[in-house]
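Data block below; observations after.
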Amino acid sequence: MKKHVLTVLICLNLALIWGNSLMDAQNSNAVSGGVLAFLGRFLPFLLTEAGHAFLRKAAHFSEFALLGLLFCGRHALVRRETPVHLLGFGMAVACIDETIQIFTPGRASSLIDVWIDTSGFVLGLVVIYLAYTIKNKIIIKGEPTT
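Numbering (this note's numbering), first residue to last: 83 to 228.
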């Protein structure tokens, strides 16, 4: 059951990632501008051009960190893929994401974004891997924590 829930969540996350890339520049700027206006109340440093660029890159990183969390969580249940396959999946999704933007009006593709996306994905993998390692060490093996 957990595997199916995670699969659905992965598909929804992919729809979010690629849906954002399918937005033309005007709509994408409107969405990030709305988020920027909200967050700018609490984090005024974002209300600059550099802050807006940071917010957009942080969104890339966050979307892919969530994808890494979900994908590694599913992997922990299925255990078919190797870590190389996991990383390959994240990089493939990032490349597809940037390729979509080549064909979206007013948008551009960026190699830097591929690396930001992949870094977010890897962070998600590492977080889940560490959580499972700690869980197995404490609960399954019964080793005390120090």
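Where is the CB? At the ideal position from N, CA and C, for every residue including glycine.
Is it true that the CB of residue j sits closer than 8 Å to the CB of residue i?
i, j, result
"GLY170", "GLY202", "no"
"ARG25", "LEU212", "Beyond the ends of the chain as shown, which are 83 and 228, falls residue 25; an answer cannot be given."
What is the rounded straight-line gap between the Cα of residue i and the Cα of residue j?
i, j, result
"ALA174", "LEU118", "29 Å"
"PRO187", "ASN218", "48 Å"
"GLY116", "PRO165", "37 Å"
"LEU128", "VAL90", "33 Å"
"VAL113", "ASN102", "9 Å"
"ALA176", "MET105", "16 Å"
"ILE220", "HIS134", "42 Å"
Quick one, which of the options has its alpha-carbon nearest residue i's?
i, options, result
"THR179", "TYR214, VAL90, ILE220 and GLU145", "The sequence shown places Asp at residue 179, not Thr. Comparing Cα-Cα distances from ASP179 to each of TYR214, VAL90, ILE220 and GLU145, the minimum goes to GLU145."
"VAL204", "SER191, VAL160, HIS142 and PHE120", "HIS142"
"HIS86", "ASN111, LEU159, PHE124 and TRP100", "LEU159"
"LEU152", "GLY206, LEU212 and ASN109", "GLY206"
"VAL209", "SER103, LEU148, GLN183 and SER110", "LEU148"
"GLN183", "LEU88, ASN95 and ALA107", "ALA107"
"SER110", "ILE220, ILE221, LEU137 and THR200", "LEU137"
"ARG189", "PRO126, LYS84, TRP100 and LEU94", "TRP100"
"GLY172", "LEU96, LYS84 and MET83", "LEU96"
List the whole-angstrom C-beta distance separating residue i from residue j, where the pair is believed to meet the contact cut-off of C-beta under 8 Å.
i, j, result
"LYS139", "ILE198", "6 Å"
"THR181", "SER192", "At roughly 11 Å, the Cβ-Cβ gap does not stay under 8 Å, so THR181 and SER192 are not in contact."
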